[in-house]
Amino acid sequence: MKIFKRHKKIYFGYFICSISTGCILLFLGGASHAFPRLTFIEILRPEVIRQYIFTLIPALS
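This is how it looks when you write it as structure tokens:
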């Protein structure tokens, strides 16, 4: 338990990093499914992200 207490911040950092990476991959997967003709670089443009979010909000509610 001493090792875990000593490295608790490192493990917490790994946990936050893995959650954020999972959310980014989930977003990119959903965006590539919603806009199948766009390439990976085109999906990262702000207007595409904005359009994807505005189409996602009514689908969730």
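Numbers in this note's numbering are just positions in the sequence shown, counted from 1, shifted up by 106.
The C-beta atom is built at its ideal place from N, Cα and C for all residues, glycine as well.
As the structure is a prediction and not an experimental result, all values here were calculated from the model.
Spatial neighbours of residue i in its chain, beta-carbon cut-off 7 Å, leaving aside the 5 residues before and after
{"i": "Thr-161", "result": "Ala-140"}
{"i": "Ser-138", "result": "Ile-149"}
Pick from the options that is closest to residue i, judged by C-alpha positions
{"i": "Pro-142", "options": "Thr-127, Tyr-158, Pro-152", "result": "Tyr-158"}
{"i": "Leu-150", "options": "Cys-129, Leu-134, Ile-116", "result": "Leu-134"}
{"i": "Ile-130", "options": "Ile-163, Ile-116, Ile-155", "result": "Ile-155"}
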